[in-house]
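Residue numbers (UniProt numbering): 1 to 300.
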Amino acid sequence: MAAVEPGPLAPGAALRMDFAGAEATVAIGVSRLGHHSVWVGSVGDDAVGTMVLDRLRAERVDVSGCRIDPELPSGLMVRERRTADHIRATYYRRGLAGSRLSVAQVDTEQIAAAGVLHLTGITPALSACARDAVHAALDAAVEAGVPVSLDINYRSALWSRADAAAELAKLVSHCDIVFAGLDEAALLVPSASASAMAESLAALGPSQVVLKLGGDGALALHRGRVIRQQAIPVTMVDPVGAGDAFVAGYLAGVLDGTSVRHNLRLAATCGAFAVSVPGDWAGLPSRRELDLLNGTDIQR
Numbered sequence: 001m002a003a004v005e006p007g008p009l010a011p012g013a014a015l016r017m018d019f020a021g022a023e024a025t026v027a028i029g030v031s032r033l034g035h036h037s038v039w040v041g042s043v044g045d046d047a048v049g050t051m052v053l054d055r056l057r058a059e060r061v062d063v064s065g066c067r068i069d070p071e072l073p074s075g076l077m078v079r080e081r082r083t084a085d086h087i088r089a090t091y092y093r094r095g096l097a098g099s100r101l102s103v104a105q106v107d108t109e110q111i112a113a114a115g116v117l118h119l120t121g122i123t124p125a126l127s128a129c130a131r132d133a134v135h136a137a138l139d140a141a142v143e144a145g146v147p148v149s150l151d152i153n154y155r156s157a158l159w160s161r162a163d164a165a166a167e168l169a170k171l172v173s174h175c176d177i178v179f180a181g182l183d184e185a186a187l188l189v190p191s192a193s194a195s196a197m198a199e200s201l202a203a204l205g206p207s208q209v210v211l212k213l214g215g216d217g218a219l220a221l222h223r224g225r226v227i228r229q230q231a232i233p234v235t236m237v238d239p240v241g242a243g244d245a246f247v248a249g250y251l252a253g254v255l256d257g258t259s260v261r262h263n264l265r266l267a268a269t270c271g272a273f274a275v276s277v278p279g280d281w282a283g284l285p286s287r288r289e290l291d292l293l294n295g296t297d298i299q300r
């Protein structure tokens, strides 16, 4: 539930109902760019859960591995635009359906057939069984030789920095691509310049480290080489979801088999589209829309 207008939440305030989630946004973004994507999760047997699955199917995301929990409700996020420039989100997901993701939902054959397995640091923070599912999926991908990407995506409301660092260090050591903001990278390596932090993260195992730098763009470290990408200037409407859109674009490039430089540009383009529209994922572009930001204001 997202507030439509700036200001404190109050009785009668207009709220927009939609669904959101880091992994779901990435799945939708990859799908819109022409690749087959699968989202595995758990929703409640309720109207919200039905909406989530229906919308994902409408975006051509495979949800066949999702679990519909007969007992627990779907999670909820209330997003308040406290001022025009400050968004405050309150999450209700601990002990709800999403936290019951389990090892039983890990389809090793499906993972073995994938081009990339994407994980985030949110899922292992939800519960012990969700953490076990993440490790089972990671193990299946490593055994099958499938590249694994991880977005650190630290959420302080879910766990402490110390607990997150201990768990994420285990995951990073087995991943091929790691995404992080500078604050998130500082969970695992000493704070320093962006390029130095990328090198420190790469020393933990991944062959590609991608740092999201907000208005300063992004950088990737691959085979000892630092590649930089400037942010694409757009009018910002809603910053939420930009990082996940960025990841979707980068992974779509990985699946395309293109260069790291091209993947960074595609990632930045997707992030720019995302912040130009209200909502986490509504602005994600299709393949044929990618050149719009380089064109004129009016398309005829």
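We put the beta carbon where it would ideally sit given N, CA and C, even for glycine.
All figures in this text were calculated on a predicted structure; none of them were measured in a lab.
{"Asked": "Leaving out five residues on either side along the sequence, give the residues of the same chain with a beta carbon under 6 Å from the beta carbon of Q299.", "Found": "Residue placement at Q299 is poorly supported in this model, since its pLDDT is 45, which falls under 50; the coordinates still yield a value, given next. Same-chain partners within the cutoff: there are none."}
{"Asked": "Can you tell me whether Q230 is buried or exposed? The criterion is at least 16 other CB atoms within 10 Å of its CB, across all chains shown.", "Found": "exposed"}
{"Asked": "Could you check the C-alpha separation between P239 and V277 for me, to the nearest Å?", "Found": "9 Å"}
{"Asked": "Can you tell me the Cα-Cα spacing of V134 and H118, whole angstroms?", "Found": "10 Å"}
{"Asked": "How about L251 and V116: do their beta carbons lie closer than 7 Å?", "Found": "yes"}
{"Asked": "I'd like the span of the alpha helix (DSSP H) that includes G29, first residue to last.", "Found": "22-32"}
{"Asked": "Near L76, which residues of its chain fall below 6 Å by C-beta distance, leaving aside the five closest residues on each side in sequence?", "Found": "Y92"}
{"Asked": "Is L56 near V63, with beta carbons less than 7 Å apart?", "Found": "yes"}
{"Asked": "So which of D54, A194, P233, L188 has the shortest CA-CA distance to A220?", "Found": "A194"}
{"Asked": "Let's test the definition: count the other Cβ atoms within 10 Å of the Cβ of E71 and tell me whether it reaches 16, buried, or not, exposed.", "Found": "exposed"}
{"Asked": "So, at 7 Å on beta carbons, what are the nonlocal neighbours of A272 in its own chain, with the 5 sequence-adjacent residues on each side left out?", "Found": "I232, V234, L293"}
{"Asked": "Could you tell me the distance, in whole angstroms, from the CA atom of T296 to the CA atom of M17?", "Found": "With a pLDDT of 44 at T296, under the threshold of 50, the modelled position of this residue cannot be trusted, and the question is left open."}
{"Asked": "By DSSP, does residue 304 sit in helix, in strand, or in coil?", "Found": "Lying outside 1 to 300, the shown extent of the chain, residue 304 is not represented and no answer is given."}
{"Asked": "On the three-state DSSP scale, how would you describe V254?", "Found": "helix"}
{"Asked": "What residue from T90, L150, S37, K170 has the CA that sits closest to A157's CA?", "Found": "T90"}
{"Asked": "Reducing DSSP to helix, strand and coil, say where G44 ends up.", "Found": "strand"}
{"Asked": "Could you pull the start and end residues of the alpha helix (DSSP H) that R131 belongs to?", "Found": "128-144"}
{"Asked": "Counting pairs of beta carbons, one from the segment 2-17 and one from the segment 33-42, are three or more of them closer than 8 Å?", "Found": "no"}
{"Asked": "T108 lies in the alpha helix (DSSP H); which residues open and close that run?", "Found": "108-112"}
{"Asked": "Taking the straight line between their C-alpha atoms, what separation do you get for L101 and L15?", "Found": "29 Å"}
{"Asked": "Alpha carbons only, please: which of A218, V189, S207 is nearest the one belonging to S200?", "Found": "V189"}
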